[in-house]
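Notes for the one structure printed next.
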């Protein structure tokens, strides 16, 4: 693994997600893996699982930063599953470990990650998420989101 | 201090705040102190300082959960100033220590706290903040916000 | 409360403690309160409770940094009880919030706090604790421990 | 990567280490990698670097849980480098992410990790470390340490 690999966090709801959002998440994971990025998620279900699956199937490396203290709560597509026991405080840890964040879909937990990323200067791209003030950059679909995130990373 | 005291977090921007927002924050702090609540903030300037000042002048107890590792970065109206060295991750800690959150004004850091509170079931009241989907309850001013927060706490 | 108050953490086992150790802990708490220090503990039973009681009876301010997510797990002698939900990771937080540490008695959890304090340059005084290499300063009893801690704080 | 891989943390001083300790650390890393374990360290120099190098050369996966907020502070043998910005608080996080800990050499930071591991029920094996009360199991060299750690993991 190159030390210059980019770490991209993909955040989104763990449940109550439409098939469309899940498909978009899987595609984001796949494209990030193909681009050589390490894909970081909260490690659970929903968008987190779909993204990890998409990245994993494409041969990518996936990291799950789990809220609980038990590794087994991680989904089955994680290369590295890290229990933190920090609960939702792990959202802040996840943001800190990433060079950029792509948000797919919206939820309050997701919003906390997006807000922390903007607050701490981590570039954020949003697909199918909430309408928010200037800060996160919107993208129409997975392909545009990954392209935009990679462009932002190149500019850093 | 009664063990049954309620801990109310007041969150809001640390800079670029209008005088109106600062006045509202100070009034929130004052009213919470009069109600016997312990007032928890991020301990720095802007809304955090105004709230702590308002509470302190009214004889209240104020706690500051500081992002840095140095106690002196706390404002001068804190009864208890706790350096955490956790950076913005302390936003999640602040939310966890509180029974309810009142948000005065809006910023990305503030939004992360509001979102985490909603996510983890902590009641949130917002004054002069951002428009957000269902979750945080809006209040027109400090007085209404404190009254609403106290009502929510009574119902728990 | 003066902003110049010193925060002294008192660490020690939460259970399986002798009466002698508990008495020493209560005396440490009492003497710290009299000296105007804010007394910080892990907020639970055993040495933590005895220390908080000693400080509280003497009119001192006591802070409990709790491992769990529920305020009620704190003992009844805490002025401020802060649930963190961080589990034993809160040991590191406790050390960071303190200007000096007094260790009364020994346990593995306590040792983690002592080691982190030495590692991060926080002065440590030990009463009735484990034999450790150079680092923590031993004291024969509560009175000597508090005196030594205050001297170390004056020298900072 | 199998989901059943064991995560073994290797802790030890980041500086002021003898060549013998570094050689032992590298051998621990190598043997863990051969055994299919994921090797977790604090990601910096000294024992952390030697262990990561040993594991990496043997084709293993290495994770670094960094204290700072910058990925580049990690050594060059990390498959995954995770900046936490938590300072020494990351020691507690490291312990939580591991199924067992092997300690090579001694320092105060290392001791905090060993103590937290014993406190939270994570098996600990020590090579060339400090003399401590019952808790961590001593091993004469890298080979014995890894064998003992794997046996303890099998028994869980």
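Protein chains in written order, with the numbering used here: chain A, 1 to 156; chain B, 1001 to 1156; chain C, 2001 to 2156; chain D, 3001 to 3156.
Each residue gets a CB set at the ideal place from its N, CA and C atoms; glycine is no exception.
Cβ neighbours of residue i in the same chain (closer than 7 Å, five flanking residues each side left out)
{"i": "residue 2 (chain A)", "result": "Confidence at residue 2 (chain A) is low in this model, with a pLDDT of 46, below 50, so its placement is unreliable and the value that follows should be read with caution. Cβ neighbours of residue 2 (chain A) beyond the five flanking positions: none."}
{"i": "residue 3043 (chain D)", "result": "3064, 3065, 3066, 3074, 3075, 3078, 3081"}
{"i": "residue 71 (chain A)", "result": "81, 83"}
{"i": "residue 1150 (chain B)", "result": "1035"}
{"i": "residue 144 (chain A)", "result": "none"}
Identity of the residue in the options nearest residue i by Cα
{"i": "residue 2086 (chain C)", "options": "B:1014, B:1094, B:1141, B:1149", "result": "B:1094"}
{"i": "residue 1108 (chain B)", "options": "A:45, A:114, A:22", "result": "A:114"}
{"i": "residue 2081 (chain C)", "options": "B:1084, B:1063, B:1074", "result": "B:1063"}
{"i": "residue 65 (chain A)", "options": "A:58, A:98, A:57, A:59", "result": "A:98"}
{"i": "residue 3047 (chain D)", "options": "D:3071, D:3018, D:3058", "result": "D:3018"}
{"i": "residue 3155 (chain D)", "options": "D:3100, D:3110, D:3144", "result": "D:3100"}
{"i": "residue 2016 (chain C)", "options": "C:2089, C:2004, C:2045", "result": "C:2045"}
Under 7 Å between C-beta atoms of residue i and residue j
{"i": "residue 3008 (chain D)", "j": "residue 3103 (chain D)", "result": "no"}
{"i": "residue 20 (chain A)", "j": "residue 142 (chain A)", "result": "no"}
{"i": "residue 2069 (chain C)", "j": "residue 2083 (chain C)", "result": "yes"}
{"i": "residue 2127 (chain C)", "j": "residue 2049 (chain C)", "result": "no"}
{"i": "residue 1137 (chain B)", "j": "residue 1006 (chain B)", "result": "no"}
{"i": "residue 1135 (chain B)", "j": "residue 1118 (chain B)", "result": "yes"}
{"i": "residue 3132 (chain D)", "j": "residue 3139 (chain D)", "result": "no"}
{"i": "residue 39 (chain A)", "j": "residue 60 (chain A)", "result": "yes"}
{"i": "residue 2112 (chain C)", "j": "residue 3112 (chain D)", "result": "yes"}
Residue i, enclosing beta strand (DSSP E) - first and last residue
{"i": "residue 2126 (chain C)", "result": "2124-2127"}
{"i": "residue 2070 (chain C)", "result": "Taken as a continuous stretch (DSSP letters only), residue 2070 (chain C) belongs to no beta strand (DSSP E), as it is neither H nor E."}
{"i": "residue 2009 (chain C)", "result": "2007-2011"}
{"i": "residue 2041 (chain C)", "result": "2038-2041"}
{"i": "residue 82 (chain A)", "result": "80-83"}
{"i": "residue 3104 (chain D)", "result": "3100-3104"}
N-terminal and C-terminal residue of the alpha helix (DSSP H) that residue i is part of
{"i": "residue 2139 (chain C)", "result": "No alpha helix (DSSP H) contains residue 2139 (chain C), which DSSP labels as neither H nor E."}
{"i": "residue 2092 (chain C)", "result": "2090-2096"}
{"i": "residue 2115 (chain C)", "result": "2108-2119"}
{"i": "residue 2055 (chain C)", "result": "2047-2057"}
{"i": "residue 1032 (chain B)", "result": "1019-1034"}
Neighbourhood of residue i by C-beta distance below 6 Å, restricted to the same chain and skipping five residues each side
{"i": "residue 1106 (chain B)", "result": "1129, 1130"}
{"i": "residue 37 (chain A)", "result": "6, 8"}
{"i": "residue 2116 (chain C)", "result": "2092, 2095"}
{"i": "residue 2058 (chain C)", "result": "2030, 2033, 2034"}
{"i": "residue 1088 (chain B)", "result": "none"}
{"i": "residue 2004 (chain C)", "result": "none"}
Min CB distance residue i to chain F below 7 Å
{"i": "residue 2011 (chain C)", "result": "No chain F appears in this structure, whose protein chains are A, B, C and D."}
Neighbourhood of residue i by C-beta distance below 8 Å, restricted to the same chain and skipping five residues each side
{"i": "residue 2053 (chain C)", "result": "2026, 2029, 2075, 2077"}
{"i": "residue 3022 (chain D)", "result": "3046, 3047, 3050"}
{"i": "residue 90 (chain A)", "result": "42, 65, 66, 67, 84"}
For the segment 1119-1129 of chain B against the segment 1032-1052 of chain B, do three or more pairs of beta-carbon atoms, one drawn from each stretch, fall closer than 8 Å, so that the two count as touching? no
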